[in-house]
DNA sequence: ACCTTATACATAGTTTATCTATGGAAAGAT
DNA sequence: ATCTTTCCATAGATAAACTATGTATAAGGT
């Protein structure tokens with residue numbers, strides 16, 4: 004009866020990068036971040052709230068993002084997260100590291 | 004003074020896939036598996052022994068590999084791991100899942 | 001003979017990130 | 001009234017990788 008669960012676990016270590024990337028489009032609240040990532044990834048990447056909110060706290064502590072309470076278009080209170088300049092640098096670094104590693108994995112998986 | 008450490012952490016969840024893939028070339032011992040992955044990845048992926056040996060035990064328990072003691076070309080005793088047919092199927096499944104996820108990540112990181 | 005390096009296996013304990021499972025609260029629709 | 005959706009948040013469990021450590025032997029240099 005239920006629908007088939009597409010099942011979409013995240014690769015540990017990629018969540019922070021995806022969140023930072025999402026915030027380059029502008030400030031957004033947690034729920035919106037989760038929805039955006041899920042939609043853009045065609046429902047493959049599912050960001051669980053139990054993973055997201057702790058991650059957002061970590062990002063804030065490290066200074067990659069700031070946050071403030073605001074109101075959504077739905078007239079709901081929500082905490083909006085905003086990328087800091089430091090966060091932007093971090094995103095570039097993480098993105099480069101990610102590419103380096105996935106390319107290395109590709110060399111193992113598809114040897115010449 | 005030491006050499007620059009290239010630093011190459013693995014993405015959690017990829018180690019088993021890389022090991023299974025390595026064993027498609029033929030039976031090999033743990034130390035050799037680590038060396039192979041490191042070399043083919045151009046020193047980007049470093050397989051720590053503290054990660055590898057527990058992983059090999061997990062693979063064996065699940066039936067993806069078997070093992071037996073043998074002697075290397077260096078005249079040393081070593082435990083050789085061999086991919087099972089089940090392991091080969093598992094590799095195909097993990098590889099497909101990995102591609103699905105990395106492609107989804109790419110959609111988030113490089114939106115059209 | 002001795003010492004060092006490289007090879008080879010293995011475990012214990014820590015860290016860290018994600019997940020599951022909950023819980024609360026308010027808006028809007030039926 | 002009640003239900004669904006939106007939105008936040010935490011506690012506890014799970015799992016994979018890491019660091020550190022220990023053992024042992026072969027080969028090669030001095």
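Residue numbers (the numbering used here), protein chains in the order written: chain A, 4 to 115; chain B, 4 to 115. In this text, a Cβ means the ideal position worked out from N, Cα and C, and glycines have one as well. Note that this is a predicted model, so its numbers are computed, not measured.
- Buried is the label assigned to residue 17 of chain B, since at least 16 other Cβ atoms lie within 10 Å of its Cβ.
- As a beta-bridge residue in DSSP terms, residue 31 of chain A pairs with A/84.
- Within the segment 36-52 of chain A, contact with chain B at the beta-carbon level (separation under 8 Å) is assigned to 40, 43, 44, 45, 47, 48.
- Contact between the segment 104-115 of chain B and the segment 42-58 of chain A is present: three or more C-beta pairs spanning the two stretches fall below 8 Å.
- When DSSP states are grouped into helix, strand and coil, residue 43 of chain A belongs to the helix group.
- Under the three-state reduction of DSSP output, residue 74 of chain B falls in the strand class.
- Within a 10 Å sphere around the beta-carbon of residue 52 of chain A sit fewer than 16 other beta-carbons, which makes this residue exposed.
- Of all alpha-carbon atoms in B/12, B/28, B/84, the one lying nearest the alpha-carbon of residue 66 of chain B is that of B/84.
- Spatial neighbours of residue 81 of chain A in its own chain (CB-CB distance under 6 Å, excluding positions within 5 residues in sequence) are listed in chain order as 32, 75.
- For residue 24 of chain B, the neighbours in chain A by C-beta distance under 7 Å run, in chain order, 111, 112.
- Listed along chain B, the residues sitting closer than 7 Å to residue 17 of chain A by beta-carbon distance are 108.
- Cβ neighbours of residue 93 of chain B within its own chain (closer than 6 Å, five residues either side excluded): 67.
- As a beta-bridge residue in DSSP terms, residue 68 of chain B pairs with B/86.
- Shown here for residue 39 of chain A: same chain residues with a beta carbon closer than 6 Å to its own, the five before and five after excluded, namely 25 in chain order.
- Listed along chain B, the residues sitting closer than 7 Å to residue 104 of chain A by beta-carbon distance are 14, 47.
- One finds 112 in chain A with Cβ atoms closer than 7 Å to the Cβ of residue 98 of chain B, taken in chain order.
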